[in-house]
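What follows is a single structure, written as structure tokens, with notes after it.
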Amino acid sequence: MEGNKCLDIIRNHYTDNSYGFEACATDIISKMDSNFVDFSLTHPWRDGGRDAIGHYTSSTGGKANYPLKIDCALEAKCYSTDTAVRVCKMSRLISRIRYRQFRILITTSYVDNQAYNEVVEDGHPILIVTASDIAGILRNNAINSSNVEVRLKNVDQSTRRLEIYYKRLTELMGDTH
217 MEGNKCLDII
227 RNHYTDNSYG
237 FEACATDIIS
247 KMDSNFVDFS
257 LTHPWRDGGR
267 DAIGHYTSST
277 GGKANYPLKI
287 DCALEAKCYS
297 TDTAVRVCKM
307 SRLISRIRYR
317 QFRILITTSY
327 VDNQAYNEVV
337 EDGHPILIVT
347 ASDIAGILRN
357 NAINSSNVEV
367 RLKNVDQSTR
377 RLEIYYKRLT
387 ELMGDTH
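Quick note: the sequence shown, position 69, residue 285 per this note's numbering, numbers continuous.
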């Protein structure tokens, strides 16, 4: 029940801002597992099906062994409760998996059976995070319906600050793309 309230708040908050949900999704994934690091949002256009790119790191903690860093790409879908991620979206995601990379699909909804079975049966390296998973991640991080909106606003503010920084940096470098 509490998880559904949080998800409704998230969906409503990002109704007209799918790019904003991408930042929220990276925050959720980082809260799920602190080994997910260095996420960067991609441009909202021509992003190759990647809303963010980052790394999964693993280390012994010692000085002798260099930490293992695996590239990952995230795709975020802020869908209503009755809108599934279907085969066509999953096939597109699968077709864009790069060598030595895995994908994360995070959705505020669910993945339909056929799309899910395609991933599992063919062994595609895709981590699927659905609405019920998001609810659990929020709960494990003491985020509930009374404080989720504040958290979302903090994510939005951080994203805006980074966008301004990168815009200025790009202007200084003379690249206006």
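Backbone N, C-alpha and C define an ideal beta-carbon position, used for all residues, glycine too.
Since this is a predicted model, take the numbers as computed values, not measurements.
Does the Cβ of residue i have 16 or more other Cβ atoms within 10 Å, making it buried, or fewer, making it exposed?
i: Ser311; result: exposed
i: Thr231; result: exposed
i: Leu309; result: buried
i: Cys304; result: exposed
i: His259; result: exposed
i: Gly236; result: buried
Please report whether the beta-carbon of residue i lies at a distance below 8 Å from any beta-carbon of chain B.
i: Arg316; result: Protein chain content of the structure displayed is limited to a single chain, and chain B is not contained in it.
At a cut-off of 7 Å, is residue i close to the ligand NAP when judged by its beta-carbon and the heavy atoms of the ligand?
i: Ile320; result: As far as ligands go, the structure on display features none, and thus does not contain the ligand NAP.
Return the first residue and the last residue of the alpha helix (DSSP H) that residue i is part of.
i: Ser374; result: 364 to 389
i: Ile310; result: 303 to 311
i: Arg314; result: Counting along the chain, Arg314 falls outside any alpha helix (DSSP H), and DSSP gives it neither H nor E.
i: Thr242; result: 234 to 248
Bridge partners for residue i per DSSP, in chain order?
i: Gly204; result: Here the chain has residues from 217 to 393 only, and residue 204 is not among them.
i: Tyr326; result: Ala300
Considering just the uninterrupted stretch of the beta strand (DSSP E) at residue i, what are its terminal residues?
i: Arg319; result: 317 to 323
i: Asp298; result: That residue, Asp298, is in no beta strand (DSSP E); it is neither H nor E in DSSP.
i: Asp254; result: 252 to 257
i: Ile342; result: 342 to 345
With a threshold of 8 Å on Cβ separation, who are the neighbours of residue i within its own chain once the five nearest residues in sequence on each side are excluded?
i: Ser246; result: Phe252, Val253, Phe255
i: Arg316; result: Ile286, Asp287
Ignore the nearest five residues each way along the sequence and tell me which others in residue i's own chain have a CB closer than 7 Å to its CB.
i: Asp243; result: Val371
i: Lys221; result: Ser361
i: Ser234; result: Cys294
i: Tyr272; result: Asn251, Phe252, Ile286, Cys288
In chain order, what residues of the same chain lie with their CB nearer than 6 Å to the CB of residue i, ignoring the 5 residues before and after it?
i: Val345; result: Ile322
i: Leu368; result: His229
Q) Does the count of Cβ pairs from the stretch 353 to 360 and the stretch 312 to 332 closer than 8 Å reach three? A) no
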